[in-house]
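Inspection log for the structure reproduced underneath, given as structure tokens.
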Amino acid sequence: MQSVISIRNLTYTYPTGVKALKGINLEIERGEYVVIMGANGAGKTTLCYCLNGIIPHIIGGELQGEIYVEGNRTTDHSIAELSRLVGLCIQNPEGQLFCQTVRADVAFGAENLCVPRDELAERVASSIKVCRLEGLENRSPSDLSGGQKQRVALASILAMRPRVMVLDEPTSQLDPIGTSELLSVVRNLNKEHGVTVVMTEHKSDEILEQEVDRVILLHKGEIVADGDPGEVLSKADLLEKIGVKTPQVIELARRLKRNGIPVEGIPTNINEARKLLSSLLDRKILEVKQKLPPPSSMEESKPSSEEPIIKIEDVYFSYTPESPAIRGVSLQFHSGEFVGIIGQNGSGKTTLAKLTVGLLRPDRGRILIFGKDTREMTPGEICKKVGLAMQNPDHQLFSLSVKEEVEFGLRNLNLPEEEIERRTESALKLVGLWEFRDMPPFTLDFGARRKLTVAIVTAMDPPVIFLDEPTTAQDYRGRYEIMEIMKDLNERHGKTVIVVTHDMEIVAKYCKRVVVMGQGKVLLDGSTREVFSKPEILEQTFIKPPPITRLAQGLSAYGIPPSILSVDELISSLKFEGG
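The sequence shown begins at 78 in our numbering and counts up by one.
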């Protein structure tokens, strides 16, 4: 087959002097579906920018080597010319959306390619449908949730019908089923329409189930593995070294092998893992212990007899009369809880967070924080009680340096200068950004800017911390770094932590209680085990439990508890010789 992308001895250094790519040699054949994985800073986004000419035409820097797309050397052609060949969906969707309506944004790129009117209408309608945006065509993109914005950005690329689609973490803000659907759409474009796909991604479990052609691992600007997805993602030691998550079904098989269980081959999806365990159980090589997994740190919290510190009472809110976002929500949060709020994109999660911290006011109903109605509190009073790290960190950043960002809120608390300096240093060290304290915030990558907003909130030291999608754009290690900080603040310092997230493994590992939202309403509210044991309700709001939980539920006929939350718990539920 003919190579549609050919990269030869590519080395790239940013204008700042940071060498991001080192001696990259890569051939991608026409019609391939290639996923590039690696920790933040590995060079994934840089490589994407090289493919459509953003590097070096816009960003500059020093580029050595050659990049060819469809035989065209990228340094010899303008970005406008390359856009007919390569469509790029960038990591932060708001950087690609600027029209007044969803339909206009989806049409914009194709219009600029002078697509005939009838064909343009067909392309726009088709792209809106496959990206699950029907009914939102006339909405302003600025009014949409983060996940919806990401789908609009993807639809705008689809409408251009490029020969090569380059997608930089396109699922980072999507709900679990939305992730599966989007990846399925991309795979369909690849298989049915012959579009070559190059995608960066952190979600190894989902990638393993999507039957991609190749997985490439990047580490510190170099390719360290390239091959069959199952083979590459089975290199657990290498994945751990470079900060890429081992898929849960592969980790399970490795753990069984380590305990002497004869495991032939490596399962690459839940169905294969279910067949493997069923065979082992049928042959009595494995047996199920007659007890639930031992209690973990994530055991369900006991109902509190204390007065709730946050009370949300029959709250309604609409951005416009045609788009109700919150419909009669009533919730209570108690001191010291660790709560996850989950639900599909547009279910009202972020709106609820903004209402709680006073950025929005209820149309009906009320919200009480420590007994006081938020409508009677100033933003300054609320932020002393509830701190919010927003979904898009760029909405919270405006100072000239990382250090000044943290200091700004502290100065508004009228703290002594010595206390401001102490808290600023402590918060930035906590999230690993102290060495970048004098840098402008927007010179940091998106994941680091996310960590900065967490530092801003923790420095304020509120009793309640509200995090909206804290793991977006974080790699495997980064997502756990933030959550371990929250766990420590919760367990050792008594902070109440409320996390809005699409990351079901994060929910399973850290949250003791889960609130499920759908269409602006609360559908479920209970312990994590209880909520994850009701997949039929979760499906209504496009949520799937973690792979290991779904695997356990598929084996419940053998007596395996369906409330399993981790690989450790599934292993502990099994009995085997020496186990």
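We treat Cβ as the ideally placed atom computed from N, Cα and C, and that holds for glycine.
- As the crow flies, the alpha-carbon of K280 is around 44 Å from that of P493.
- Under the DSSP assignment, Y126 falls in the alpha helix (DSSP H) whose first and last residues are 121–128.
- A Cβ-Cβ separation of about 13 Å leaves L87 out of contact with C125 under the 8 Å criterion.
- Using a 10 angstroms sphere on the CB of K322, the tally of other CB atoms reaches 16 or more, which defines it as buried.
- In this structure, the straight-line span from the alpha carbon of L231 to that of M242 is close to 10 Å.
- By the beta-carbon neighbour count (other beta carbons within 10 angstroms, threshold 16), I135 is exposed.
- Contact annotation: I497 and L487 have beta-carbon atoms nearer than 8 Å.
- For the pair L507 and T535, the CB atoms are nearer than the 8 Å cut-off.
- Relative to I343, the option among K366, K312, D359, I362 whose CA is nearest is K312.
- Within the stretch 607–648, the runs of alpha helix (DSSP H) at least 4 residues long that lie entirely inside it are, in chain order, 612–617, 624–631.
- Taken in chain order, the unbroken stretches of alpha helix (DSSP H) that lie wholly in the stretch 278–326 and span 4 residues or more are 281–286, 306–309, 313–319.
- Three or more Cβ pairs closer than 8 Å define a contact, and the stretch 511–526 falls short of that threshold against the stretch 288–302.
- If you draw a straight line from the Cα of H154 to the Cα of G130, it comes to about 8 Å.
- Comparing C-alpha distances from T427 to each of G138, R216, L642, E546 shows the shortest one belongs to E546.
- Boundaries of the alpha helix (DSSP H) around Q225: 223–237.
- Bounds of any beta strand (DSSP E) do not take in V531; it lies within the alpha helix (DSSP H) bounded by 523–537.
- DSSP places Y91 in no beta strand (DSSP E); its state is neither H nor E.
- With a cutoff of 8 Å on beta-carbon distance, I620 and A629 are scored as not near each other.
- DSSP places R441 within a strand segment (E or B) once states are collapsed to three.
- Annotated as distal: V584 and L544, with beta-carbon spacing of 8 Å or more.
- Separation of the CB atoms of L266 and C166 is rounded to 12 Å, and the pair is thereby denied contact status at 8 Å.
- By the neighbour-count criterion, in which 16 or more other beta carbons inside 10 Å mark a residue as buried, V95 falls on the exposed side.
- Looking at the backbone, the Cα of A97 and that of K206 are separated by about 37 Å.
- Counting along the chain, D391 sits inside the beta strand (DSSP E) bounded by residues 387–397.
- Secondary structure note for R499: its alpha helix (DSSP H) is the uninterrupted segment 494–507.
- Non-local C-beta neighbours of Q225 in its own chain, meaning closer than 6 Å and more than five positions away in sequence, comprise N422, G423, ordered along the chain.
- Rounded to the nearest whole angstrom, the CA to CA distance from R216 to M237 is 21 Å.
- Straight-line spacing of the CA atoms in K366 and R554 works out to 33 Å.
- Separation of E317 and L465 (C-alpha to C-alpha, rounded to the nearest whole angstrom) is 31 Å.
- Among the bridge pairs identified by DSSP, D245 is matched with T277.
- Excluding sequence positions up to five before and after E582, its CB lies within less than 6 Å of the CB of P623, all in the same chain and listed in chain order.
- Looking from the CA of F513, the closest CA among V483, H270, V274 belongs to V483.
- In the three-state DSSP reduction, D252 falls in the coil class, being neither helix nor strand.
- Collapsing the DSSP output to three states places V192 in coil.
- H411 and P385 have their alpha carbons spaced roughly 4 Å apart.
- Within the same chain, S160, R161, M237 come within 8 Å of L190 by CB-CB distance, once the 5 residues on both sides are set aside.
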